[in-house]
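Worksheet for the structure shown next.
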Amino acid sequence: MSSSGILSRMAMRANKSAASLLSKSKSQLSVTPTGARAISHLLTTNVNTNVGLMEPQSNMQLWRNKSTAVKDEEMDYSIPLEEPSAAAVASDSDSIGVSASNSSEDTLDYTSDKSKSGTPSPWAVFDAWGAGDSISPPISADDEAKLSPSSVKIPTSEVERLTATNETDILGAYDNLLKSRSSVHFGYPYNLMYNHEELYQFMKYSINNLGDPFITSNYGVHSRQFECAVIDFFANLWNIQPGDYWGYVTTCGTEGNLHGILLARECHPDGILYSSKETHYSIFKAARYYRMDAKAIPTLHNGEIDYDILADEIEKNIDKPVIINVNIGTTVKGAVDNLDRILRVLNNLNIPRERYHIHCDGALFAMMMPFVDFAPEISFRKPIDSIAVSGHKMLGCPMPCGVTIARKEHVKKVEQRIDYLNSVDTTIMGSRNGQAALYLWYSLRKKGLSGIKRDVIHCMETAQYLRNKLTKAGFTARLNDLSSTVVLERPMDDKLIKRWQ
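Everything in the sequence shown is counted per this note's numbering, starting at -16 for the first residue and increasing by one.
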């Protein structure tokens, strides 16, 4: 968890080596506020004034706390939409900033080109709750030795066991490591501010939600009642009627994407997958797993998919069904693809509803968007087919997890009866972590809608605060309107990146 000293320490480092800190490279480092405690510290800390950072005033004096995005009007997608005027198109292009280098020739045919596509998202060090309010020092050389491969090696003989480091000492060193790394956790969108002590008693049980969440298996130690409550919550959040939806608690956002794209492939076996170049790598991983044709569409400068090139590519393959991944917050820039504009593209090309399938990758922002005033609506009231979200990001959870929701009619295409389970196989995984469903349920119950909205507003406001102060200090910083991710130029000092993650 980032602490009260993060901005001031970064500022001090900047004062000492500002000339060598940032390069002119176009590569970027994403910095995202992640949690109520960190946000509170960032808002109330008197940051080093040598770089022009003033002591914060009230929230309303510092920034507007509402998105400037226009609220969607209800649209009837069954009737043709009017073509925008030339002036409107020009205005739209100006406001988005179309990159002059983008062209249909830049589109990657991901089926034939196996070069890496999508934005890398390596795992961050897992940080536990309770790291404290201050920055913990790096671990000692003695602790490092206790965590070395030779020290943590599992003994395979009695001689090795007699000379092995004590497990209690190893775990103590590991705890010190996690405290140190948690206190400078700044660059990944994980909410580390949580307290699940009330659930510790359930860790002694092997809770396994084996099989379909709605069909109880023979295994009785499960948390299906909590999982179904979590699914119902997100179904309601994303406006899909009871009886029309199906979902489950996943191991992470990637599994949700794998499931969503699997449903798309089963509905349209000969369809082509379209997604932006800045899409999370799991979408293109799904395309490889399922042997799908896929197109990586260039993006606008803010990270949104280039809608004109998307239209050109779909038109080139008009005889094939359309599968589109819509990003609700890209990994690095936090860009939100304009769902309504994508739907207009499909409408203008006369693609009927039964010939297209839309999955929404909302790992971080699908959880936040419903709580941002005047933000575009992302919901099943529009012709989308599935949404995936991470549970350990915005909500906060001690293990990676997520939720996927899909239209129930699609799931029938992958359902298979498994006799020994006395259930059906509808999920990517067989055995499923019942603890994750319990922890998500607990977080949702404790926070409630008002608590989640409060966290979302804090994150959005803190991101604006950080962007503004970095800009005043002379650093290049960018922040998309519907995002809590501040994007910086890549520092020349790799130690800075590793320290603040």
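Idealized CB from N, CA, C, for every residue including glycine.
The structure presented is a predicted model; accordingly, all values stated were derived computationally and were not measured.
Hey, would you say TYR231 sits closer than 8 Å to GLY379, going by beta carbons? no
Using the Cα positions of ASN330 and GLY194, report the straight-line distance between them to the nearest angstrom. 38 Å
Start-end ranges of the beta strand (DSSP E) lying completely within the stretch 243 to 305, minimum 3 residues: 255 to 259, 276 to 280
Check the DSSP bridge columns for TRP424 and list the partner residues they point to. For TRP424, which the question treats as bridged, DSSP gives no partner whatsoever.
Host beta strand (DSSP E) of HIS168 (start-end): Where HIS168 is concerned, there is no enclosing beta strand (DSSP E), given that its DSSP letter is neither H nor E.
Complete runs of the beta strand (DSSP E) confined to the stretch 414 to 482 [at least 3 residues]: 469 to 472
Would you kindly work out how many angstroms separate the C-alpha atoms of VAL397 and ARG482, rounded to a whole number? 44 Å
Going by beta carbon distance, what residues of the same chain come within less than 6 Å of LEU322, once the five residues before and after it are set aside? VAL309
Under 6 Å Cβ to Cβ from LYS478, same chain only, skipping five residues before and after it: list those, please. none
Just reading off the alpha helix (DSSP H) that ASP195 is part of, what are its end residues? Premise fails: ASP195 is in no alpha helix (DSSP H) and is neither H nor E.
The stretch 352 to 367 touching the stretch 417 to 427, judged by at least three CB pairs closer than 8 Å: no
According to DSSP, is GLN484 part of a helix, a strand, or is it coil? coil
Sub-8 Å separation of ALA346 and ALA371 beta-carbons: yes
Among the residues of its own chain, which have a CB less than 8 Å from the CB of ALA294, if the five just before and after it don't count? VAL328, ASN331, LEU332
Beta-carbon within less than 8 Å of CYS211's beta-carbon, same chain only, minus the 5 sequence neighbours each way: which residues are those? PRO196, PHE197
Could you tell me whether the Cβ atoms of ILE280 and ILE292 are closer together than 8 Å? yes
Within 8 Å, do at least three Cβ pairs link the stretch 266 to 274 to the stretch 237 to 249? yes
Excluding sequence positions up to five away, which residues of its chain have a Cβ less than 7 Å from the Cβ of TRP424? PHE209, ALA212, VAL213
Whole-angstrom distance between ARG207 and ASN201, CA atom to CA atom: 13 Å
Is it buried or exposed for ALA124, if we count other Cβ within 10 angstroms and need 16 for buried? exposed
Measure the alpha-carbon distance for THR445 versus THR468 and round it to whole angstroms. 10 Å
Residue from VAL142, ASN174, ALA277, LEU432 with nearest C-alpha to PRO304: ALA277
Sheet register partners of TRP229 (DSSP bridge): ALA389
From SER406 to ILE190, what does the alpha carbon distance come to, in whole angstroms? 16 Å
Give the DSSP bridge partners of ALA371, in chain order. ASP344, THR387
Once DSSP output is grouped into helix, strand and coil, what is the label at TYR183? helix
What are the boundary residues of the alpha helix (DSSP H) that ILE325 is part of? 322 to 331
Check this for me: beta carbons of ASP344 and HIS263, under 8 Å apart or not? yes
So, PHE185 versus LEU427, is the Cβ gap smaller than 8 Å? no
Is there contact here, the stretch 225 to 240 with the stretch 379 to 390, by at least three beta-carbon pairs under 8 Å? yes
Residues bridged to VAL319 by DSSP? ILE311
In terms of alpha-carbon separation, which member of ILE411, ALA218, ILE401, TYR173 lies closest to CYS442? TYR173
Roughly how many whole angstroms lie between the Cα atoms of ARG147 and ASP253? Sequence check: residue 147 is Ala here, not Arg. Rounded to the nearest angstrom, the two C-alpha atoms are 57 Å apart.
Cut-off 7 Å between Cβ atoms - residues of its own chain near ILE411, not counting five sequence neighbours on either side: GLU238, LEU241, HIS242
Taking only the alpha-carbon atoms, compute the straight-line gap between PHE354 and VAL439 and give it to the nearest angstrom. 7 Å
Can you tell me whether GLU337 is buried or exposed, with buried defined as 16 or more other CB within 10 angstroms of its CB? exposed
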